[in-house]
Every structure is written in C-alpha cells, then in structure tokens.
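One structure below.
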Amino acid sequence: MHELAIAENIVDTVCTRAAGRPVRRVTVRIGALTAVLPDAMLLCWDLAATGTAAHGAALDLDLRPAVVFCRACRTDQRLPDMIPLCPCGSADVTVTAGRELHIVSMEVA
Numbered sequence: 004m005h006e007l008a009i010a011e012n013i014v015d016t017v018c019t020r021a022a023g024r025p026v027r028r029v030t031v032r033i034g035a036l037t038a039v040l041p042d043a044m045l046l047c048w049d050l051a052a053t054g055t056a057a058h059g060a061a062l063d064l065d066l067r068p069a070v071v072f073c074r075a076c077r078t079d080q081r082l083p084d085m086i087p088l089c090p091c092g093s094a095d096v097t098v099t100a101g102r103e104l105h106i107v108s109m110e111v112a
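Plus 3 on top of the position in the sequence shown (first one is 1) and you've got the working numbering.
In structure tokens form, the structure reads like this:
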C-alpha cells in the first residue's frame, strides 16, 4: 500500500510548513495514473497524521482524470482506464494529465 508512504510524506511536508500551528485542512490533487486509491489514501491520512500537528485535519482529494494527446487523430482524449491508448486505436499518445500528485493547499489555525 503505497498510500501510507504518500500520506506520511504529505503529513511531514504540511507539518513543516505549518511551523507548529495546528493543520485544519489539506487539499491534494491526485491524477488517475498515480494508482492512488482514494479510500486507502483517506485511511492512511488518519494513521499518518495521528500525533502530529495535522491530527484531526481534513484531507480533501481533488481527483483528476487521465488525459492523452493523440498524434494520430490530433485530439485530447480522456482515458477510461490506465492504459494509454486513444479510442481511435492509436498508441501514439502523450500523457497530458493524470500523473499529478500535488499538495494544492493547506489551512492552519
């Protein structure tokens, strides 16, 4: 479960930035191609935040779809799964969205 390691890193980062102030809310943008499971992330967040300045903080997940640009049909296409293949059948694609894993914002007391 890589969500625990990700949650621990996010907790460490926001607690460092909070500089001792209690963290109330954190928003994280997660792309579909990161293979982060939202339910697992929320569970791991609670575990990782226990005993820190982020204990009890809400975690908001901004889930982003995977999008590719297809060089064959020259269009942006949203992927229905994690396979980088355009609906036109071409594998000549560039991933343009879906790999995000960013702390977007945090709220402190």
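Just so you know, even glycine gets a beta-carbon here, dropped at the ideal spot from N, CA and C. These numbers were taken from a predicted model, which means no experiment stands behind them.
- The alpha-carbon separation between Thr19 and Gly92 amounts to approximately 46 angstroms.
- Boundaries of the alpha helix (DSSP H) around Glu6: His5 to Ala21.
- A direct Cα-to-Cα measurement between Arg32 and Glu11 gives close to 16 angstroms.
- Look at Asp84 here: in three-state DSSP terms it is coil, with no helix or strand label.
- Note that the C-beta distance between Val70 and Cys89 is not below 8 angstroms.
- In the three-state reduction of the DSSP assignment, Ala38 falls in the coil class, being assigned neither a helical nor a strand state.
- Secondary structure at Ala100: strand, using DSSP grouped into helix, strand and coil.
- Taking C-beta separations shorter than 8 angstroms and ignoring five residues to either side along the sequence, the partners of Ile9 in its chain run Val39, Met44, Cys47 and Leu104, following chain order.
- One alpha carbon belongs to Asp65, the other to Gly54, and they sit about 25 angstroms apart.
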